[in-house]
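Residue numbers (my numbering), protein chains in the order written: chain A, 2 to 541; chain B, 2 to 501. Quick notes on the structure that follows.
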Amino acid sequence: MSAVVAEHEHDHEHDHHDHGPAKGILRWIITTNHKDIGTLYLLFALVMFFVGGAMAMVIRAELFEPGMQFVEPQFFNSMTTMHALVMVFGAVMPAFVGLANWMIPMMIGAPDMALPRMNNMSFWMLVAGVLLLASTLFMEGGAPASGWTLYPPLVLQTGKALPFAVFSVHLLGVSSIMGAINIIATIFNMRAPGMTLMKMPLFVWTWLITGFLLVAIMPVFAGAVTMLLTDRFFDTSFFDAAGGGDPVLYQHIFWFFGHPEVYVMILPTFGVASTIIPVFARKPLFGYSSMVYATAAIAFLSFIVWAHHMFTVGLPMAGELYFMYATMLIAIPTGVKVFNWTATMWKGSMTFETPMLFSIAFVVLFTMGGLTGLMMSVAPLDFQYHDTYFIVAHFHYTLVPASVFILMAAGYYWLPKWTGHMYDEKIGKLHFWLSAVSVNILFFPQHFLGLAGMPRRIPDYAVQFADWNMISSIGGFIFGASQLLFLYIVIHTIKGGTGEKVTDEVWEDAAKHGLEWTLPSPPPYHSFTTPPTIIPTEHI
Amino acid sequence: MKKTKQLIACLTLMAIGLGSAHADYALNLMQGVTQVSNDLYDLHMLILWICVFIGAGVFGVMFYSIYHHRKSKGHVAEQFHENTTIEIIWTIIPTLILIGMAIPATKAMLELDDVKEAQMSIKVTGWQWKWEYEYLDNGIHFFSSLDEASNKARQVGSGVDPRSVPHYLLNVDKPLVVPVKTKIRFLYTAADVIHSWWVPDLGWKKDAIPGYVNEAWTSVDKPGTYRGQCTELCGKDHAFMPIVVIAMEKPDYDAWVKKTKDELAKANDVSDLSHDELVAKGAEVYAKNCSSCHLPGGEGVPGAFPAISGSALVNGDINAQANLILNGKGMMPAFGKMLNATELAQVITYTRNALGNKKGDEIQPKAIQALQGGTAVVESKAAEAPKEAAKVDVKAKLSKDELLAKGKEVYAASCASCHQADGAGMAGTFPAITGSKLVTGDIKNQVALMSNGKGMMPAFGTMLNPVDFAAVVTYTRNALGNKVGDMIQPADVQPLLAKK
Chain A
2 MSAVVAEHEH DHEHDHHDHG PAKGILRWII TTNHKDIGTL YLLFALVMFF
52 VGGAMAMVIR AELFEPGMQF VEPQFFNSMT TMHALVMVFG AVMPAFVGLA
102 NWMIPMMIGA PDMALPRMNN MSFWMLVAGV LLLASTLFME GGAPASGWTL
152 YPPLVLQTGK ALPFAVFSVH LLGVSSIMGA INIIATIFNM RAPGMTLMKM
202 PLFVWTWLIT GFLLVAIMPV FAGAVTMLLT DRFFDTSFFD AAGGGDPVLY
252 QHIFWFFGHP EVYVMILPTF GVASTIIPVF ARKPLFGYSS MVYATAAIAF
302 LSFIVWAHHM FTVGLPMAGE LYFMYATMLI AIPTGVKVFN WTATMWKGSM
352 TFETPMLFSI AFVVLFTMGG LTGLMMSVAP LDFQYHDTYF IVAHFHYTLV
402 PASVFILMAA GYYWLPKWTG HMYDEKIGKL HFWLSAVSVN ILFFPQHFLG
452 LAGMPRRIPD YAVQFADWNM ISSIGGFIFG ASQLLFLYIV IHTIKGGTGE
502 KVTDEVWEDA AKHGLEWTLP SPPPYHSFTT PPTIIPTEHI
Chain B
2 MKKTKQLIAC LTLMAIGLGS AHADYALNLM QGVTQVSNDL YDLHMLILWI
52 CVFIGAGVFG VMFYSIYHHR KSKGHVAEQF HENTTIEIIW TIIPTLILIG
102 MAIPATKAML ELDDVKEAQM SIKVTGWQWK WEYEYLDNGI HFFSSLDEAS
152 NKARQVGSGV DPRSVPHYLL NVDKPLVVPV KTKIRFLYTA ADVIHSWWVP
202 DLGWKKDAIP GYVNEAWTSV DKPGTYRGQC TELCGKDHAF MPIVVIAMEK
252 PDYDAWVKKT KDELAKANDV SDLSHDELVA KGAEVYAKNC SSCHLPGGEG
302 VPGAFPAISG SALVNGDINA QANLILNGKG MMPAFGKMLN ATELAQVITY
352 TRNALGNKKG DEIQPKAIQA LQGGTAVVES KAAEAPKEAA KVDVKAKLSK
402 DELLAKGKEV YAASCASCHQ ADGAGMAGTF PAITGSKLVT GDIKNQVALM
452 SNGKGMMPAF GTMLNPVDFA AVVTYTRNAL GNKVGDMIQP ADVQPLLAKK
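Here is the structure:
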């Protein structure tokens, strides 16, 4: 995108600002500009999406048929572990941080992020962390193969990779915390006059809440993995029963981090959906304040439901019941959100450009993931569902056609603003339909597999699971291949797209919904050097 | 769009084609063969239908809107953006639905957790990558691992079609055998990492965790063979440690118990074998127990599993090697608990004289037994216990005074240090015996609590013999300020005690 911004500087004579970017590769290494860093985050996330996706392809290829065809079981386990870690920490989280970097200053009328140097550092620590993690693939004993949850005692059997993986988690944690602090500081200090908290776009709100989640949970995860490290190398026994420790303690700590962590990936998703749907329904968002409160309620609940990941570890009855009831409660604020999106579409004047298509698919498919989540919140039923493909189907529905689809929607929605070029709508729609159909071929049969008794995280299975696995794999291959279209579209749009000149608004009446549409496309290097005077309130 | 349609058509055809090939498209949870599994199935269906109706409602409204309220149809957007009434309604209705779900869910949870009054107990220990079963009532004890045929077929590039293997990956060498219509309590633990024991037909899974003992129960209604798998990732062969439960009618089960006991007795034979016999049999033991980590050729996996070929340990002092195998180290399990002396002698001799090693020596089963010493030999311990028990005449009827006198001694030795000599207990820590509701209530409840323990209270069922137990129960009810007036005989206590 460097070409784009440079070009913009020649094109728009109203950009009088002296500070241009540094020249050449150095621009990207030393940049403190929120857009450049946002671009780095987004491109890095896109690369990692394909790396993690390639691992998923290995998994689906091995599971295409019963019997072991391509990889050894240990490597398969490394693949499931690394696929999850790369997708969570390398793709989805950085992509949302990238969106936050690009959009939050533009949405609240600020010139840049509050802490630009830290912004640069948090990006490069992310790169270091992910590269360190990826390097474990080539170490003696292989990459971690104990699942992304890194449960002891199994994880302590990891070969040479363990300390590297732990340090990588530390780096990723520090990076996330710095990113979160930056976002919180920006939102609290850099809003334009008149941009009160309850006038902020929902994307900003959801990120504010996500920021607090991250600051709260990442140190917990860092602590847990550090205890793993000392258990392995310094003879402590935090999680070793033989030394008076407790393997289940790790699970409590991990899921105290891990459950809010999944909301770190879904809350900004809600924010983007709440931003896009009103624009294409040509209506204000329904129930703005209830959306804000529902987000806060979900975030709060996410801290007190962790042991629903542990119904079968032998919790006391009171624990089983408490965590069941608390988990069920999440359905209420989540339901409010889904109803609000539906009510936003209701009696609107809808058009179905690619961002809207992805957003509608998100609402539908996320709701399906939510409903299966409701099923497994019922503790006694989780004694059947737990650790089967039913769970795999559930969380992939809440991550792929939810978070990933919304990231795609965000890409289509804001690419014209970022680049000043229009993407090819036909290819965009093709990408959408291929993705939407294949994602269901991929994940829907996994519900059946799980209910029929197929455990998760296995490289080989009994022959009665063969048929649905083959269909799931076919869906997976189509889904994987379809994403190459997205890569093409991104490159094509950066290079000039359809050649159509995009307006500042890009989408019909978009400026009523967000400040970013009052800026030129592409926007100047520093977003709002003087604060905007009119705050759009259509989204409220 | 056209391409998408073609694609869907193509996939549909493919699905139909596959379906006619083996028609095995299981869609739903199995109902299973126990009361619990049936109740859970009903609950599952109830909640599934609730979800389907919610989904249909929401999506119905959404798709109606998508179809009718579009710009291309000339629909003009209305500008409403809140409605307190409807927002309250769609908060309250889901809350009511959730309460409706929580009630049957709570009932099912309580049913699932009720391990009381079990008629027999089986201890299940998860190992990498096999299950150990111990019948606590009759001493039967064995390991259960993936069957030979599946194990051969599941190797990468084995060339064996899994479809040609009966019950591929769901078959074991020694299945768990249980009687039908009997309440069985399972106790779960693990020797190395966390495992989870799941047979879908029974309706639940339970984690087996090192250092923990988890409980679960079942009572199988229908004779048959029920298959399941480990469901907690436990390392590279996690997919290859299935569970097979065979439920039999009571007489068949009793016959199986007798037969299995005889076989186990035979396995304890420790007579000497020739060098060649040791090596030949050792190859089988190696293939079954060692090769999944150290590999069939003994080359190991660098960084994870040391090589056997050329290993300093294997080519060094034979007793040092035997000790390591017996007691384990790090990831290496303690095979002394898994294999008998003969099998151990065979595999040790084999590793020293095969897989590229040519040490030339051997070890005999008796030498292994000697290394295991008195403590590790399970049989001798088991043999001592009945002898000691024999001294105690359980059938003898004792008078109340005899029971009280004996009970006083037992109380002083086993109870008084916590509950105090006068039965007053210590407020907040150790409950008083004097006036205790439990002690003055149903005698069976008191026996059950003393036998199984609770919180800080140890399980005395495993510590006291039936005579001492009956005596102390009678004592507490008729002394220390209590005057219930009843008594219990050793013969009545014995069936209620927790088994060793």
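Backbone N, C-alpha and C fix where the C-beta goes; we use that ideal spot for every residue, glycine too. As the structure is a prediction and not an experimental result, all values here were calculated from the model.
As a beta-bridge residue in DSSP terms, proline 456 of chain A pairs with A:Thr389. Using a 10 angstroms sphere on the CB of phenylalanine 301 of chain A, the tally of other CB atoms stays under 16, which defines it as exposed. If you draw a 10 Å sphere on the C-beta of methionine 83 of chain A, you find 16 or more other C-beta atoms in it, and that means buried.
Using a Cβ distance threshold of 8 Å, threonine 107 of chain B and valine 337 of chain A do not count as a contacting pair. About 11 Å separates the beta carbon of tyrosine 462 of chain A from that of methionine 471 of chain A, a gap too long to meet the 8 Å contact definition.
When rounded, the separation of the alpha-carbon atoms in valine 221 of chain B and phenylalanine 144 of chain B is 22 Å. Contact between leucine 322 of chain A and leucine 229 of chain A is ruled out by a C-beta separation of about 31 Å, above the 8 Å threshold. Inside the segment 111–179 of chain B, DSSP marks whole beta strand (DSSP E) runs of 3 or more residues at positions 121–128, 131–136, 142–145, from first to last along the chain. Listed in chain order, the non-local C-beta contacts of isoleucine 178 of chain A below 7 Å within the same chain comprise Leu215, Val216, Met219, local neighbours out to five positions each way being set aside. Scanning the segment 61–121 of chain A from its first residue to its last, the whole alpha helix (DSSP H) runs of 4-plus residues come out as 74–86, 94–109.
The C-alpha of lysine 184 of chain B lies about 26 Å from the C-alpha of glutamate 264 of chain B.
Inclusion of proline 491 of chain B and alanine 471 of chain B in the CB contact set at 8 Å is warranted, their separation being smaller than that value. Look at asparagine 441 of chain A: its C-beta is not under 8 Å from any C-beta on chain B. Comparing alpha carbon positions, the residue from A:Val438, A:Gly515, A:Gly21 closest to glutamine 484 of chain A is A:Val438. Contact between valine 315 of chain B and isoleucine 309 of chain B holds: their C-beta atoms lie close to 6 Å from each other, under 8 Å. A Cβ-Cβ separation of about 5 Å places alanine 101 of chain A in contact with tryptophan 208 of chain A under the 8 Å criterion. Pairwise C-beta distances place the segment 358–371 of chain B out of contact with the segment 281–292 of chain B, as fewer than three of them are shorter than 8 Å. Under the three-pair Cβ rule at 8 Å, the segment 160–178 of chain B does not count as touching the segment 265–274 of chain B.
By the Cβ-count criterion, lysine 284 of chain A is buried, with 16 or more other Cβ atoms from all chains shown falling within 10 Å of its own Cβ.
The Cβ atoms of glycine 39 of chain A and serine 123 of chain A do not sit closer than 8 Å to each other.
Residues His395, Tyr398, Thr399, Ala403 of the same chain have their beta carbon placed closer than 7 Å to that of glycine 370 of chain A, with the five preceding and five following residues left out of the count. By alpha-carbon distance to alanine 209 of chain B, the top candidate from B:Thr219, B:Asp193, B:Trp218 is B:Asp193. Among the bridge pairs identified by DSSP, alanine 248 of chain B is matched with B:Val179, B:Gly225.
For valine 170 of chain A, DSSP records no beta bridge to any residue. Taking 8 Å as the cut-off, the beta carbon of alanine 154 of chain B is found no closer than this to the beta carbon of tyrosine 189 of chain B. The alpha-carbon separation between isoleucine 392 of chain A and tyrosine 386 of chain A amounts to approximately 7 Å.
The beta carbon of phenylalanine 433 of chain A is closer than 7 Å to those of Thr355, Leu358, Phe359 in its chain, skipping five residues each way along the sequence. Around phenylalanine 97 of chain A, the same chain offers Pro269 as residues with beta carbons nearer than 6 Å, after the five sequence neighbours per side are excluded. By the Cβ rule, the segment 189–207 of chain A counts as touching the segment 271–278 of chain A, because three or more pairs are nearer than 8 Å. Legend: CB atoms of the segment 275–298 of chain B lying less than 7 Å from CB atoms of chain A are not found in any residue. Shown in chain order are the members of the segment 378–392 of chain A whose Cβ falls below 8 Å from a Cβ of chain B: Val379, Ala380, Pro381, Leu382, Phe384, Gln385, His387, Asp388, Thr389. Nearest in C-alpha terms to valine 166 of chain B, of all of A:Phe529, A:Leu516, A:Gly68, is A:Gly68.
Around the beta carbon of glutamine 80 of chain B, a 10 Å sphere encloses fewer than 16 other beta carbons of the protein chains shown; the residue is thus reported as exposed.
Aspartate 394 of chain B and glycine 408 of chain B have their C-alpha atoms spaced approximately 16 Å apart.
Between alanine 342 of chain B and valine 271 of chain B a beta carbon distance of about 5 Å is seen, short of the 8 Å cut, so the two are scored as contacting. Taking all protein chains in view, the Cβ of valine 214 of chain B is surrounded by fewer than 16 other Cβ atoms within 10 Å, so the residue is classified as exposed.
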